[in-house]
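Let me begin by presenting the structure, written as structure tokens, before commenting on it.
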Amino acid sequence: MSEIIVHCDKVHHWFGSAGVLYDVNVRVARGNIVAVVGPSGCGKSTLLRAIVGTHPPRQGRIQMHAHGKPPYEVRRPGRDRGIVYQRYSLFPFLTARENVAIGLMLDETSIPFRLFRFLQWRRIRRRHLDAAAAFLERVGLEHAVKLYPHEMSGGMCQRVAVAQALIMKPQILLLDEPFGALDEAMREELQRMLLRLHAENRVAKKAGEPPPHTILIVTHELNEAIYVGDRVIGLSQYWNWAEKGHVACPGATVVYDEAAPVSDPDGPRDFEEFTKQRDRIRKAVFEPEYLQDREEFRRYWTACAAEAPHRE
Amino acid sequence: MIRRPINKRWRFGLGIASIVVLLLSYTWLSGRMKEENPNDTTIPSWSQLKDGVVRSLELGKRTEERWLAVDAVATGYRLFVGMFLGVSGAVVLGLMMGCFPRVEAVLSPPLTLFAKVPGTAALAVFFVMVGTDTEMYVAMVTFGVLPSMALSVHLAVRDVPDEMLNKAYTLGASHVEVIWNVIVRHIMPKLIDAVRLQIGPAMVYLIAAEMLVGDAGFGFRIRLQQKKLDMSVVYFYLALLAVFGFGMDYILKKLQRLLCPWFNPVRQ
């Protein structure tokens with residue numbers, strides 16, 4: 001059984017009388033790169049904010065299972081969940097390197113330490129900045145260490161934002177439509193960057209170590225979801241809620257949960273496989289006329305369970 | 001065409017031309033007044049202005065003090081202490097209001113109300129409550145600056161995107177660190193702009209108060225000389241006030257560029 005990192009347990013959320021999320025149950029395992037898709041306004045970002053802890057669910061709970069710690073309920077943002085937003089992910093008053101290093105500074109030192117043990121703080125600061133520069137090199141931005149966000153392109157900013165989150169080694173990295181404002185070429189470059197993280201997971205698994213990156217990405221691009229994710233979750237308000245006794249749609253729920261083909265970051269895409277899965281997702285998630293049973297396309301864990309004995 | 005840019009040479013030349021026209025107009029006006037009344041000092045000639053400057057700088061016959069030194073020390077002290085207290089208070093209150101909705105609910109209505117009261121109109125209140133010593137001028141500047149600046153800081157804090165604060169929390173920041181390392185740094189350029197905008201009103205309150213009850217200071221000297229219709233010292237003092245205001249503005253702009261090299265007002 002995979003190690004669960006996040007467990008959304010019967011999560012409901014509503015704004016006023018409008019139901020947004022209804023009975024959402026999602027388990028994210030360590031090493032998963034989960035893409036969440038769904039029609040506009042279906043609550044993808046609401047679910048992500050609930051996991052971040054800025055907007056806890058009205059009903060149900062979200063549990064984090066940090067390695068070696070008892071599970072705890074998410075009620076506020078925390079150090080174990082990294083986040084990259086579409087905008088405002090970087091601090092405009094810090095350079096790229098300082099932006100990446102700020103997490104280390106906040107995590108490892110306090111204001112009194114920085115004020116009153118200045119010499120020690122300078123030594124630690126140097127180490128943080130070196131680590132940040134190394135991380136920027138990893139995402140191909142070694143030339144941008146001294147640039148401020150307004151001096152960088154949107155794609156560069158998002159790469160810095162990913163580095164800023166990853167340097168903290170979060171239990172899960174949450175990406176809220178991170179490439180939405182980028183052009184196609186830049187978007188592909190960043191998608192390949194996520195695939196490289198997936199490749200690092202595979203290397204770790206082969207070596208018998210826990211995979212270092214668990215990612216949940218919210219996107220409205222189906223191709224992107226299938227390409228970068230090894231699992232796609234579809235949230236939708238188009239399900240058979242009337243048959244379940246509701247007079248109005250109580251909110252979006254998980255109607256699709258299947259594994260996605262894992263692509264090689266530098267290899268070609270398998271467009272045939274993409275098309276098949278895209279058609280299934282379209283039908284299950286985006287088709288207002290197709291009000292299926294919620295369980296019909298939720299096969300991820302069943303498939304995992306079926307695969308497990310074969311592996312053994 | 002509207003907003004068509006002009007080159008630097010034109011901009012510089014037109015700026016110089018406007019000042020030359022101003023000086024020439026003054027010279028002509030002063031000459032006209034001298035033709036009507038050779039002893040007129042309401043629009044003094046350049047030589048009369050020079051006399052005024054000399055009188056301000058030389059030792060007074062009765063008091064053995066230089067007017068300018070005495071006035072500059074008195075006005076400068078009142079202005080800087082008043083501004084320091086006003087700005088400090090405004091930053092603390094503005095930050096608290098921007099960060100904590102309960103503090104905002106309590107402080108926002110009275111501060112909005114006080115910000116609407118013209119500082120010069122409240123002079124009488126300060127005379128009665130604090131007397132006419134240095135404390136009165138300091139209080140006047142402090143409470144003249146504080147409400148409107150606190151509201152500016154409050155708005156600047158509210159403009160900090162929520163995403164940025166959440167991001168800081170996910171990086172392990174405490175509440176104090178979010179305020180100090182994110183909010184304060186983010187609003188710093190707007191804070192400096194707010195101080196720049198408050199220097200003018202602070203000087204208005206102070207000079208007005210000195211004109212009414214002062215025994216030293218720029219306002220006091222201007223009132224004294226204006227009673228004698230001797231404008232040579234008055235114009236010199238006005239020029240000094242303008243240079244001071246311009247200098248402070250320039251220093252703060254430089255400070256903003258130094259402390260906030262990331263700030264790009266055009267993009268903001």
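One line per chain: the protein sequences are A and B, in this order. Taking this note's numbering, the leading residue of the first sequence gets 1, the next gets one more, and so forth. Taking this note's numbering, the leading residue of the second sequence gets 1, the next gets one more, and so forth. For every residue, glycine included, the Cβ atom is placed at its ideal position computed from N, Cα and C. Nothing here was measured: the structure is a model prediction, and the numbers come from that model.
For the alpha helix (DSSP H) holding residue i, just list the boundary residues, first then last.
i	result
Cys-260 (chain B)	Note, Cys-260 (chain B): premise wrong, no alpha helix (DSSP H); not H, not E.
Thr-46 (chain A)	44–52
Ala-242 (chain A)	Unbroken run through Ala-242 (chain A): none, as it is neither H nor E.
Tyr-295 (chain B)	Here chain B has residues from 1 to 268 only, and residue 295 (chain B) is not among them.
Gln-120 (chain A)	118–138
Ser-236 (chain A)	Where Ser-236 (chain A) is concerned, there is no enclosing alpha helix (DSSP H), although the beta strand (DSSP E) it sits in stretches over 231–236.
Asn-201 (chain A)	184–206
Tyr-26 (chain B)	8–36
Leu-175 (chain A)	It is not in any alpha helix (DSSP H) - Leu-175 (chain A) instead sits in the beta strand (DSSP E) that spans 172–176.
Ile-102 (chain A)	96–108
Asn-223 (chain A)	222–228
Given this structure, state the Cα-to-Cα distance separating residue i from residue j, to the nearest angstrom.
i	j	result
Lys-254 (chain B)	Phe-244 (chain B)	15 Å
Arg-294 (chain A)	Asn-240 (chain A)	7 Å
Ala-156 (chain B)	Ile-187 (chain B)	6 Å
Met-129 (chain B)	Asp-71 (chain B)	24 Å
Lys-167 (chain B)	Val-184 (chain B)	16 Å
Met-193 (chain A)	Ile-281 (chain A)	24 Å
Lys-146 (chain A)	Ala-284 (chain A)	47 Å
Ile-6 (chain B)	Gly-15 (chain B)	12 Å
Gln-292 (chain A)	Tyr-256 (chain A)	10 Å
Asn-264 (chain B)	Ser-153 (chain A)	16 Å
Any beta carbon from chain A within less than 9 Å of residue i's own beta carbon?
i	result
Trp-262 (chain B)	yes
Gly-172 (chain B)	yes
Glu-58 (chain B)	no
Pro-101 (chain B)	no
Pro-5 (chain B)	no
Met-129 (chain B)	no
Met-96 (chain B)	no
Arg-158 (chain B)	no
Pro-161 (chain B)	yes
Identify the continuous beta strand (DSSP E) that holds residue i and give its terminal residues.
i	result
Phe-15 (chain A)	4–15
Glu-258 (chain A)	253–259
Ile-83 (chain A)	81–84
Val-215 (chain B)	Before going on, a small fix: residue 215 (chain B) reads as Asp here, not Val. Neither: Asp-215 (chain B) is in no beta strand (DSSP E) and is coded neither H nor E.
Tyr-88 (chain A)	No beta strand (DSSP E) holds Tyr-88 (chain A); DSSP gives it neither H nor E.
Going by alpha carbons, who is nearest to residue i out of the options?
i	options	result
Val-138 (chain B)	B:Ala-156, B:Asn-181, B:Ser-174, B:Ala-74	B:Ala-74
Ser-47 (chain B)	B:Gly-31, B:Leu-241, B:Glu-36, B:Thr-120	B:Gly-31
Asp-45 (chain A)	A:Glu-273, A:Pro-268, A:Leu-235	A small correction: the amino acid at residue 45 (chain A) is Ser; Asp does not occupy that position in the sequence shown. Checked all of A:Glu-273, A:Pro-268, A:Leu-235; the closest Cα to Ser-45 (chain A) is A:Leu-235.
Phe-80 (chain B)	B:Gly-200, B:Glu-65, B:Ser-18, B:Arg-257	B:Gly-200
Ala-124 (chain B)	B:Glu-177, B:Arg-62, B:Leu-212	B:Leu-212
Glu-273 (chain A)	A:Leu-222, A:Gly-38, A:Arg-159, A:Arg-125	A:Leu-222
Gly-103 (chain A)	A:His-128, A:Phe-116, A:Asp-257	A:His-128
Gln-198 (chain B)	B:Ala-17, B:Trp-10, B:Ala-90, B:Leu-22	B:Ala-90
Arg-298 (chain A)	A:Pro-77, A:Val-26, A:Val-228	A:Val-26
Glu-163 (chain B)	A:Gly-154, A:Pro-170, A:Leu-175, A:Arg-159	A:Leu-175
Arg-78 (chain B)	B:Asp-193, B:Met-203, B:Glu-104, B:Trp-28	B:Met-203
Leu-23 (chain B)	B:Leu-57, B:Ser-45, B:Phe-114	B:Ser-45
Pro-211 (chain A)	A:His-67, A:His-220, A:Arg-122, A:Leu-94	A:His-67
Gly-82 (chain B)	B:Cys-99, B:Pro-38, B:Leu-107, B:Val-145	B:Val-145
Val-87 (chain B)	B:Phe-114, B:Gly-98, B:Leu-191, B:Val-20	B:Leu-191
Pro-161 (chain B)	A:Gly-41, A:Gly-245, A:Ser-89, A:Pro-268	A:Ser-89
Output, in chain order, the set of chain A residues within a Cβ distance shorter than 8 Å of residue i.
i	result
Glu-65 (chain B)	The premise fails here: Glu-65 (chain B) is roughly 44 Å from chain A at the closest Cβ pair, so nothing lies under 8 Å.
Starting from residue i, find everything on chain A with Cβ-Cβ shorter than 7 Å and list it in chain order.
i	result
Lys-167 (chain B)	Ile-83, Ser-89
Taking Cβ-Cβ distances shorter than 7 Å, what residues in chain B pair up with residue i?
i	result
Ile-111 (chain A)	Val-176, Glu-177, Trp-180
Ile-102 (chain A)	Leu-171
Thr-338 (chain A)	No answer is possible for residue 338 (chain A): the residues shown for chain A start at 1 and end at 312.
Counting contacts by CB-CB distance shorter than 9 Å, is residue i in contact with chain B?
i	result
Leu-94 (chain A)	yes
Asp-279 (chain A)	no
His-213 (chain A)	no
Ile-5 (chain A)	no
Asp-288 (chain A)	The sequence given here places Pro at residue 288 (chain A); Asp does not occur at that position. No, no contact with chain B.
Ala-165 (chain A)	yes
Pro-210 (chain A)	no
Met-168 (chain A)	yes
Glu-312 (chain A)	Low confidence applies here, because Glu-312 (chain A) scores a pLDDT of 41, under 50, leaving its location unreliable and the question unanswered by this model.
At a CB-CB cut-off below 8 Å, which residues of chain B make contact with residue i?
i	result
Pro-77 (chain A)	Asn-166, Tyr-169, Thr-170
Asp-107 (chain A)	Leu-171, Gly-172
What in chain A is Cβ-close to residue i, meaning under 9 Å?
i	result
Arg-257 (chain B)	Those within 9 Å of Arg-257 (chain B) in chain A number zero; the least Cβ separation is about 13 Å.
His-186 (chain B)	Phe-91, Pro-92, Phe-93
Which residues of chain B have a Cβ atom closer than 9 Å to the Cβ of residue i, listed in chain order?
i	result
Met-64 (chain A)	Here the premise fails: no neighbours, minimum Cβ distance about 12 Å.
Met-156 (chain A)	In chain order: nothing, as chain B lies at least about 15 Å away.
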